[in-house]
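Numbering (my numbering), first residue to last: 633 to 789. Comments concern the structure below.
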């Protein structure tokens, strides 16, 4: 996948799109800087790192992650001989969409986690409108990923 240019970009809201070349081959484009600007504009956190995600590839890829909500991993205590070691709480992404440099995404919601091969993604306000390689269409509303639906149920909402 190549870093997207504005030449051939279907609209200003597109983050990922696929173009067909003259010989019929397809070329996936990814405007990761636009993805970061969208996340920032909507008030979501954005991270970029290179790592291996074995559900998507065995090779390291650059990961672009929009974090909707952060969670905490509880600290642990470990004993080694007469000594006790404590590891503190760690902030970790709770709900997010993470795109790799090949346009394959990991989406983690409150009750699910999935991997999608995205061929087209654009935004409409805080929503991401996604088309996958298998032809499925998904609508991911970032605002709904911020509020835990289990909290609403406990509060009577």
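Ideal Cβ placement from N, Cα and C applies to all residues, glycine included. Note that the structure is predicted; figures quoted are calculated from it, not measured.
Rounded C-alpha distance that separates residue i from residue j
i, j, result
"residue 757", "residue 722", "31 Å"
"residue 657", "residue 736", "19 Å"
"residue 734", "residue 702", "25 Å"
"residue 774", "residue 709", "35 Å"
"residue 693", "residue 781", "32 Å"
"residue 697", "residue 729", "6 Å"
"residue 654", "residue 743", "43 Å"
"residue 671", "residue 688", "23 Å"
"residue 673", "residue 717", "41 Å"
"residue 769", "residue 642", "17 Å"
"residue 645", "residue 754", "5 Å"
"residue 771", "residue 759", "7 Å"
Own chain, CB closer than 6 Å to residue i, minus 5 neighbours either side, in chain order
i, result
"residue 666", "647"
"residue 651", "640 and 659"
"residue 746", "739"
"residue 664", "696"
Candidates the options, of which the one nearest residue i by Cα
i, options, result
"residue 725", "704, 717, 640 and 732", "704"
"residue 680", "746, 668 and 691", "668"
Sequence-distant residues of the same chain with beta carbon closer than 8 Å to residue i, five excluded per side
i, result
"residue 750", "648, 731, 735, 736, 737, 762, 763, 764 and 765"
Own chain partners of residue i with C-beta closer than 7 Å, once the 5 adjacent residues on each side are dropped
i, result
"residue 792", "The question about residue 792 has no answer, for the chain in this structure spans 633 to 789."
Segments of 4+ residues assigned as alpha helix (DSSP H) that fall wholly inside the segment 640–707: 664–674
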